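The sequence shown begins at 2 in this note's numbering and counts up one residue at a time. Every residue gets a Cβ at the ideal spot worked out from N, C-alpha and C, and that includes glycine. Owing to the predicted nature of the structure, the values given are computational and were not obtained by experimental measurement. Heads up: the structure comes next, in structure tokens.
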Amino acid sequence: MAVTLVAVSLPPLTRSPSPLGVEAVAQFLERVADAAPDVRVLSVTLDELMVATRAAPGGEFASRSATAPRRGVPNASSAADSARMWDPSADGADGCVIVPLALSCTPHDAAALLAAARVFSGVTPSVVAQPWGPDGRVVDALIDRLLGVGLRASDRVVLDCAEASDLGVADAVATRSMLSSSLGIAVALGFSDTAPAAPSDVQIVSTEDAIARERAQSPGSRVIVSSYSLTGNAAASAQASAAERVAPPLLAADEGPPQSLVDLLLERFYAAADQLDNARLETVVSEPPLGLA
């Protein structure tokens, strides 16, 4: 069964994207396409997905019949054009799996992905895969990035999180715990995005304040920032600049995509694709990872 993988960049990636961030995503999806040559991989932003949703049969606009290239990942300059051209009714695939390029999804983003899948299901079976985290392979990639900047046992580590949703906080807390356990050292948590609402047992501090606290608790020790984000952002870079070392984000154009994340995305894709025969979206998208009420 030929199934199209539609990789969707959500606002954490599309909010003022840098050229390096766009290139990092393109490199990553090229690796995904190489690892699964029988899978057609498309790259779209959430806004572009909504355009395709409105244009599809059952959407707000009349269906269009143009198609994107048969195989491969649109490069940075052609991604938007390819996304606008994509029409699930003319794709020729046996199904569509929408895979969020995100460590976690806000309820708003999750609802948009689910709405797109429901509309596309009118012309081809469509489902939504789980986001990436929390997962041990994300932690493995974070450790690789930390080792790449020379992490030592005496260093203090701050996990910088740019996700401001309630679910993003919960996922960051879980990832911090997994990272600390794997490293065998304490890991502090800081937020470079706007201060999110959080469970009462979670203390929210900015990444800048977290760095200052770690330095005050252990004078003379280096503070290393681990970037819990796919491509990073300006706010995170500004707040992390006070640290001695800052690890690159999970996807960095000059570092190459970690194989563990390629494997993780394909696992999410195949797990969702296995459910296409049931044509039951509810069996593919469960409540906790997407944060749906």
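If I'm right that residue i touches residue j with Cβ under 8 Å, what's the distance once you round it to whole angstroms?
{"i": "ALA118", "j": "VAL100", "result": "Not a contact, Cβ separation roughly 11 Å."}
{"i": "PRO132", "j": "CYS106", "result": "5 Å"}
{"i": "ALA53", "j": "VAL42", "result": "Contact doesn't hold; Cβ gap of about 15 Å is too wide."}
{"i": "THR208", "j": "SER230", "result": "About 11 Å separates the two Cβ atoms, so there is no contact after all."}
{"i": "ALA212", "j": "VAL159", "result": "It is Ile, not Ala, that sits at residue 212 in the sequence shown. Indeed they touch by this definition, with Cβ atoms about 6 Å apart."}
{"i": "PRO259", "j": "ASP136", "result": "About 12 Å; that fails the 8 Å criterion."}
{"i": "ALA103", "j": "LEU6", "result": "ALA103 to LEU6, Cβ: 15 Å. No contact."}
{"i": "SER261", "j": "ARG138", "result": "4 Å"}
{"i": "VAL140", "j": "SER183", "result": "6 Å"}
{"i": "VAL206", "j": "GLY191", "result": "6 Å"}
{"i": "SER227", "j": "LEU143", "result": "5 Å"}
Cutting at 6 Å between CB atoms, please list the residues of its own chain near residue i, excluding the five before and the five after it.
{"i": "GLU256", "result": "PRO249"}
{"i": "VAL263", "result": "ARG32, VAL33, ALA36"}
{"i": "ALA273", "result": "VAL98, VAL128, ALA130, VAL285"}
{"i": "GLU268", "result": "none"}
{"i": "ARG246", "result": "VAL150, ILE225"}
{"i": "GLY233", "result": "PRO250"}
{"i": "VAL40", "result": "LEU6"}
{"i": "ASP110", "result": "LEU11"}
{"i": "CYS162", "result": "ALA173, PHE192, TYR229"}
Residue i by DSSP, collapsed to three states: which one?
{"i": "THR176", "result": "helix"}
{"i": "GLY191", "result": "strand"}
{"i": "ARG153", "result": "coil"}
{"i": "VAL206", "result": "coil"}
{"i": "VAL124", "result": "coil"}
{"i": "THR46", "result": "strand"}
{"i": "ARG138", "result": "helix"}
{"i": "LEU242", "result": "First, the residue type needs correcting, since residue 242 is Ser and not Leu in the sequence shown. Here SER242 sits in coil by DSSP."}
{"i": "THR54", "result": "helix"}
{"i": "ALA274", "result": "helix"}
{"i": "ILE144", "result": "helix"}
{"i": "SER105", "result": "coil"}
{"i": "ALA67", "result": "Low confidence applies to ALA67: its pLDDT is 33, below 50, so where it sits in the model is not reliable, and the reading given next is rough at best. ALA67 falls in the coil class under three-state DSSP."}
{"i": "SER261", "result": "helix"}
{"i": "ILE212", "result": "helix"}
{"i": "SER182", "result": "helix"}
Bridge partners for residue i per DSSP, in chain order?
{"i": "CYS162", "result": "PHE192, TYR229"}
{"i": "ARG41", "result": "THR5"}
{"i": "VAL247", "result": "VAL226"}
{"i": "VAL170", "result": "None; VAL170 has no bridge partner."}
{"i": "VAL129", "result": "ILE99"}
Can you give me the start and stop residues for the beta strand (DSSP E) that residue i sits inside?
{"i": "ILE295", "result": "The chain is shown only over 2 to 294; residue 295 falls outside these bounds and no answer can be derived."}
{"i": "VAL7", "result": "4-10"}
Taking the continuous alpha helix (DSSP H) assigned at residue i, which residues delimit it?
{"i": "GLU256", "result": "Segment: none, GLU256 is in no alpha helix (DSSP H) and carries neither H nor E."}
{"i": "PRO20", "result": "20-36"}
Using a Cβ-Cβ cut-off of 8 Å (strictly less than) and excluding sequence neighbours within five positions of residue i, which residues of its own chain qualify?
{"i": "ALA77", "result": "Residue confidence for ALA77 is low, a pLDDT of 36 falling below 50, so the modelled location carries little weight and cannot support an answer."}
{"i": "SER219", "result": "ARG157"}
{"i": "MET51", "result": "ALA113, ALA117"}
{"i": "SER155", "result": "SER222, ARG223"}
{"i": "ARG85", "result": "Confidence at ARG85 is low in this model, with a pLDDT of 43, below 50, so the placement of that residue should be treated as unreliable; the coordinate-derived value is given next. Same-chain partners within the cutoff: GLU49, VAL52, ALA53."}
Hey, is residue i's beta-carbon within less than 8 Å of any beta-carbon in chain D?
{"i": "TYR229", "result": "You won't find chain D in this structure, because it holds only one protein chain."}
So, at 7 Å on beta carbons, what are the nonlocal neighbours of residue i in its own chain, with the 5 sequence-adjacent residues on each side left out?
{"i": "VAL74", "result": "Residue confidence for VAL74 is low, a pLDDT of 41 falling below 50, so the modelled location carries little weight and cannot support an answer."}
{"i": "LEU277", "result": "VAL4, GLY96, PRO126, VAL128"}
{"i": "VAL188", "result": "VAL158, LEU160, ARG177, LEU180, SER181"}
{"i": "ALA254", "result": "LEU21, GLU24, ALA25, GLN28"}
{"i": "ALA175", "result": "PRO135"}
{"i": "GLU215", "result": "ARG157, VAL159, ALA189, VAL224"}
{"i": "TYR271", "result": "none"}
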